[in-house]
Amino acid sequence: MTSTATAPPETAPAPEPTPPARPARRHTPAWLVLPSLVLLVAALGYPVGWQVVTSFQHFGMMQQFGQPPEWVGLSNYATLVTDPELWVIVGRSIAFCIVCALSTVAIGLGLALLMGAVTRAGRLVLQVALLLAWAMPVVASMTVWTWIVNWRNGLLNWALERVGVDAQGHNWLVEPLSFLVVAAVIVVWMSVPFVALSIYAGLTQLSPEVLEAAEIDGAGGWKRLRHIILPLVAPVISIVLLLQLIWDLRVFTQIKLLQDAGGVANETHLLGTFIYQLGTGAGDFGMASAVSIVMLLLTVAISWYYVRSLMKEES
Amino acid sequence: MKKTLGLAVATTTAALVLTACGGGATGSTTDPSAGASGNADKSITLWLAGTDTPKELRTYLQDTFKAKTGATLKIEEQSWGDLVTKLTTSLPDPKNTPDVTEIGNTQSPTFTNVGAFSDVSDMYQELGGSKLLQSFVDVGSVDGKQYALPYYFGSRYMFARKDVWQEAGVAAPKTLDEFNAAVKTITTKNPRSIKNFSGFFLGGQDWRNGVSWIFANGGELAKQENGQWVSTLADPNTVKGLTQLQDLYKNASKAPADAKDQTPWLYVNDADEILDESGNVTGKTSLAAATIMAPGWAHWSIGDLVEKDGKKVREWNDKKFSAFVLPGNDGKPAPVFAGGSNIAISKASQNQALSKELLKIIFSADYQKKLGGAGLGPANTDYVSSLGDDQFAKALIDSATSSKLTPAAPGWATVESKMIMEEFFSKIRDASDLTALAQEYDAKITPLLNLK
Amino acid sequence: MSRILGPARSRRSTRRSVLTVVAVLVALVWAFPVYWMLNSAFLDKVTLQSSTPTFLPFGGSLDNFATVFGDAGFVRALGISLAVTLVTVAAAIVIAFLGALAISRFRFRGRRSFILALLLIQMLPAEGLFIAQYKMMSSVGLLNNVLGLALLYTAAVVPFTVWMLRGFVAGVPVELEEAAMVDGLSRTKAFLRITFPLLAPGLVASGVYAFLQAWNEFTVALVVMTEEQSRTLPLWLRGFVQASATRETDWGQVMAASTVVAVPVIVFFLVVQGRMSNGLVGGAVKG
Chain A
1 MTSTATAPPE TAPAPEPTPP ARPARRHTPA WLVLPSLVLL VAALGYPVGW QVVTSFQHFG
61 MMQQFGQPPE WVGLSNYATL VTDPELWVIV GRSIAFCIVC ALSTVAIGLG LALLMGAVTR
121 AGRLVLQVAL LLAWAMPVVA SMTVWTWIVN WRNGLLNWAL ERVGVDAQGH NWLVEPLSFL
181 VVAAVIVVWM SVPFVALSIY AGLTQLSPEV LEAAEIDGAG GWKRLRHIIL PLVAPVISIV
241 LLLQLIWDLR VFTQIKLLQD AGGVANETHL LGTFIYQLGT GAGDFGMASA VSIVMLLLTV
301 AISWYYVRSL MKEES
Chain B
1 MKKTLGLAVA TTTAALVLTA CGGGATGSTT DPSAGASGNA DKSITLWLAG TDTPKELRTY
61 LQDTFKAKTG ATLKIEEQSW GDLVTKLTTS LPDPKNTPDV TEIGNTQSPT FTNVGAFSDV
121 SDMYQELGGS KLLQSFVDVG SVDGKQYALP YYFGSRYMFA RKDVWQEAGV AAPKTLDEFN
181 AAVKTITTKN PRSIKNFSGF FLGGQDWRNG VSWIFANGGE LAKQENGQWV STLADPNTVK
241 GLTQLQDLYK NASKAPADAK DQTPWLYVND ADEILDESGN VTGKTSLAAA TIMAPGWAHW
301 SIGDLVEKDG KKVREWNDKK FSAFVLPGND GKPAPVFAGG SNIAISKASQ NQALSKELLK
361 IIFSADYQKK LGGAGLGPAN TDYVSSLGDD QFAKALIDSA TSSKLTPAAP GWATVESKMI
421 MEEFFSKIRD ASDLTALAQE YDAKITPLLN LK
Chain C
1 MSRILGPARS RRSTRRSVLT VVAVLVALVW AFPVYWMLNS AFLDKVTLQS STPTFLPFGG
61 SLDNFATVFG DAGFVRALGI SLAVTLVTVA AAIVIAFLGA LAISRFRFRG RRSFILALLL
121 IQMLPAEGLF IAQYKMMSSV GLLNNVLGLA LLYTAAVVPF TVWMLRGFVA GVPVELEEAA
181 MVDGLSRTKA FLRITFPLLA PGLVASGVYA FLQAWNEFTV ALVVMTEEQS RTLPLWLRGF
241 VQASATRETD WGQVMAASTV VAVPVIVFFL VVQGRMSNGL VGGAVKG
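Protein chains in written order, with the working numbering: chain A, 1 to 315; chain B, 1 to 452; chain C, 1 to 287.
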């Protein structure tokens, strides 16, 4: 028993089984996948199709209210691609998402390891705190955060004043860079709980015997981390990193609410708020659809290397 | 645009004709004001935005509607920020559209121009005609036909710290020029030595308050030329206003460059009992301005901090605070942005006749007076006296007489959603050539003003 | 994690205590905004506007909470949110789990395409879809319908959940099952007894994620639940924030409402957390 249990570590990341194929089981995967497929096609088929089609049309408020939409081919895309403002926003969004995603995963990993190394009580306290942060409605957390950085009576300025820094009336949102740093802090704060809890869940799957064995062998904590633990949770880490990249590129609510509180909106746009401004704001749904498609392509491009290596791993 | 309107008019006329002939699935076949029998199982839906219309008024509408038509009135409250999204998806859908809806006056031109609303020109005289607030009627009209009519109006005026003004030795202004000079003096004198004290707090991006200086000098944001709307920021009168604004931004207001028009009353109130350890009042007081401009309802949030029934509230204090209308240079109040909303019938509604009955009730004398009683300016100017006669009601009425709305251009809502005016205003203070800046923004705004 | 007796033990205990203190500090810092929300919920809106922060709500009151609980729409919205969310979580976990099993334990044609599709779906921004989603739901008459909304939410959550669960399923070595099978258990029994418990942490994490997504989602609910009585909690909360064009927002009430909205999630986690106590391999390989 024990011998089989210690063998897995080398093979765990590549879990391809080679069971004897019995006739009935050839169809099993199809049945397992069917519910997902049916669900996704039913719920997303039309909306996504509509969006693709609309991106090639001139579709504004008039069309929403009954006028037939006009086919304009690639005109929306052309306007977008030649708009320097879009590329500024793209650049900003990419930088933002990379900084946030990397910070989130690093901090999340740290906290997950911390959770593993403390007493049960400590772990529970930390988990509950993270969960509270995660569960807090975005409206409430954004309100609290905007209070914290408020230039007039914000907690941050008040605390800084207390320790002697002259921060009275300092406006954290008026400069675009400062604004984005605040936004990054908020987004990371909101995203870490999920990452930490997921990585921790992955850590608990590790066999203590392996870790014991490593300890007996005299591997120091740091080495143990790098050579044994990390490779084992690498699948979970790589997934959450990819997802953070995708989500942070799409971030919308936090930026929008922060823009409402301060800063010059047109200097702090990221792709999410930009699409919103085009769509709901200006009623230019054709253009908004085009931007969404562009964003999809962009996300694919950024994660291409990643996606490809994941796909390779699959075979 | 003409083509759509033609289509819209034709469709509406056809619908009306069909209804009148008593055929088809649209509307009721019985006389809607017949009362009980025919309409007992019918109901229409009214969308109201936010909590502005108080409960008593809503109940009144429901009761009166039932008594008059026998049908039921359902009122659904939508939140302001999401109203446009919901109207965009629901109005075109005959199965789920609200029958009658409130709509902000900024959004009225857009929705009116895309044909979202029914033509109510035939009822216009009956509902009040020229007694209705004309600026509100304009944003809901196209080619002389009315679609969205005024529902209620608000207004904005100035709130000031009387005591600080006196300390600075400045008298109450009677003209706009006097106002400008007065607030600059207060800022320079800073009688209470408060850090970053503003004689007049005007946020760097606060165009909704700042636009009064443009209007007061005869300028406009946009106007219609040959059927097309153009942005007029660079017109000489507008630039005159912009110059005054620049002066104010440099010398009278220490507001942050990114402040908009939210919660300005915070700056004019005293702080509550804040003391640091030694009991000194440091520079960190709430009081940061001698004057602010705010919508009329802000007076509820201005005053001394007192405790009533265990709750902290603000109580107005006539010795410390004053409310006055921004004076123009021509002896009349300076034009300010009116607040308020319009009301309209959805074109896709299946209950056109009943919806019109609801409009009749809303524009009846009784309801209009109730609106005034609730602090909401009634659409029919005959009834403004129902607002009361305290200083706030007076200020509301006076400032509303020359108030203006955002341009009735169909694309104005787009300009607002792109925050172009905010951006423009944030650059006024440091611009070396205001006319050039204005021209730059005219070029950005004009293409957006007309629906394509 | 296991302990090894011996001289290393005391060193480990000290380290453990120190780290526990660190963990508690981190927890306090991280949960600060939550504490602030709670604190503000007891204060009135005027106090909240002052320049000096009030750290402990002495002299505060339960008025805001009274307003929240007294709001007619609250209980209804709570019910609707619970219904939609629980349906979403249940459906998503089941559907995604099956999909994750298929991907990690079987080889089949179209497997790679399926995985790729799941990934691509997640990359599509959702902001532009609401118009089409409305049209779709309206045409099949599923507006203002709990199941309709749950359908949209489940579809939104499944791609990611499959991804997550796949990682966890992959992390459980097949050999464990096979070892159990050698002992005479059928494949299904081996799966249920051995593998499934090990997946518990993954299922919990996915469940909490799905819960949160459905619980706090706003835009889709806004356009699909058009009637006041079918509002979900986020829509109801929005009503508090955006109350009026003629009155200022009462932030104390908003904070109280937000606190109330956040509570069920905590409850859900604590309940589920208890159930999944020991997904430890140690238990599985014993004997």
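Beta carbons are placed, not taken as given, at the ideal position from N, Cα and C, and that holds for glycine. Because the structure is a prediction, the values reported are computed rather than measured.
The continuous beta strand (DSSP E) containing B/Ile44 extends over residues Ser43 to Ala49. Here B/Met293 carries a strand assignment [DSSP, helix/strand/coil].
If you draw a straight line from the Cα of C/Trp36 to the Cα of B/Ser135, it is about 45 angstroms long. Selection B/Phe363, B/Lys312, B/Arg156 and B/Ile44 evaluated against B/Val211 yields B/Arg156 as nearest (Cα-Cα). Where B/Asp163 is concerned, the enclosing alpha helix (DSSP H) starts and stops at Lys162 to Glu167. Counting along the chain, B/Tyr267 sits inside no alpha helix (DSSP H), nor does DSSP assign it H or E at all. Around the Cβ of B/Thr53, a 10 Å sphere holds 16 or more other Cβ atoms; the residue is buried. Judged by DSSP in its simplified three-state form, B/Gly129 adopts helix. Closer than 7 angstroms to the CB of C/Glu228 there is at least one CB belonging to chain B. Against chain C, the CB of A/Tyr305 has no partner CB under 7 angstroms away; the residue lies outside that interface. Along the region 107–132 of chain A, none of the residues has a CB nearer than 9 angstroms to a CB of chain B. Between A/Thr54 and A/Gly286, the gap from beta carbon to beta carbon is short of 7 angstroms. In summary, A/Pro68 is exposed, with fewer than 16 beta-carbon neighbours lying within 10 Å of its beta-carbon over all protein chains present. Looking at the backbone, the Cα of C/Gly184 and that of A/Ala201 are separated by about 30 angstroms. Closest in alpha carbon position to A/Pro35, among C/Ser13, C/Phe168, C/Val162 and C/Thr188, is C/Val162. Judged by beta-carbon spacing, B/Pro335 lies within the 7 angstroms limit of B/Phe215, meaning their Cβ atoms are closer than that value. Counted as a single uninterrupted DSSP element, the alpha helix (DSSP H) harbouring A/Ala101 occupies residues Pro84 to Ala117. Residue environment analysis places B/His299 among the buried positions, since at least 16 neighbouring C-beta atoms fall within 10 angstroms of its C-beta. The residue among C/Ser61, C/Leu25 and C/Leu19 with its C-alpha nearest the C-alpha of C/Leu38 is C/Ser61. The continuous beta strand (DSSP E) containing B/Trp229 extends over residues Gln228 to Ser231.
Among the CB atoms of chain C, one or more fall inside 7 angstroms of the CB of A/Leu44. Interface annotation, B/Lys418: not in contact with chain C, CB-CB separation never under 7 angstroms. When Cβ-Cβ separations below 7 angstroms define contact, C/Asp44 makes contact with chain B. Looking at the DSSP output, B/Leu305 shares a beta bridge with B/Arg314. Within the region 295–310 of chain B, contact with chain C at the beta-carbon level (separation under 9 angstroms) is assigned to Pro295, Gly296, Trp297, Ala298, Trp300, Ser301, Leu305 and Gly310.
For C/Leu129, none of the residues of chain B pass the 7 angstroms Cβ criterion, the least Cβ distance being about 12 angstroms.
Closer than 8 angstroms at the C-beta level to chain C, one finds these residues of the region 82–94 of chain B: Asp82, Thr85, Lys86, Thr88, Thr89, Ser90 and Asp93.
Take the alpha-carbon of A/Thr299 and the one of B/Thr85: they are about 27 angstroms apart. Residue contact check for A/Phe65 against chain B: a CB pair falls below 7 angstroms. With respect to the 7 angstroms criterion, C/Gly252 and C/Asp44 are classified as neighbours on the basis of their beta carbons. Contact between C/Phe97 and C/Leu192 is ruled out by a C-beta separation of about 13 angstroms, above the 8 angstroms threshold. The beta carbon of B/Lys74 sits closer than 6 angstroms to the beta carbons of Ser43 and Thr45 from its chain, once the five residues preceding and following it are set aside; these are given in chain order.
Ranking A/Ile293, A/Asn153 and A/Phe274 by CA distance to the CA of A/Leu86 puts A/Phe274 first.
Within chain C, no C-beta atom comes nearer than 8 angstroms to that of A/Ser93; the closest sits roughly 11 angstroms away.
Restricted to the region 244–274 of chain A, the alpha helix (DSSP H) segments that are unbroken, complete and at least 4 residues in length are 253–261, listed in chain order. By a beta-carbon distance limit of 8 angstroms, A/Ser303 contacts A/Leu242. Their separation comes to about 6 angstroms.
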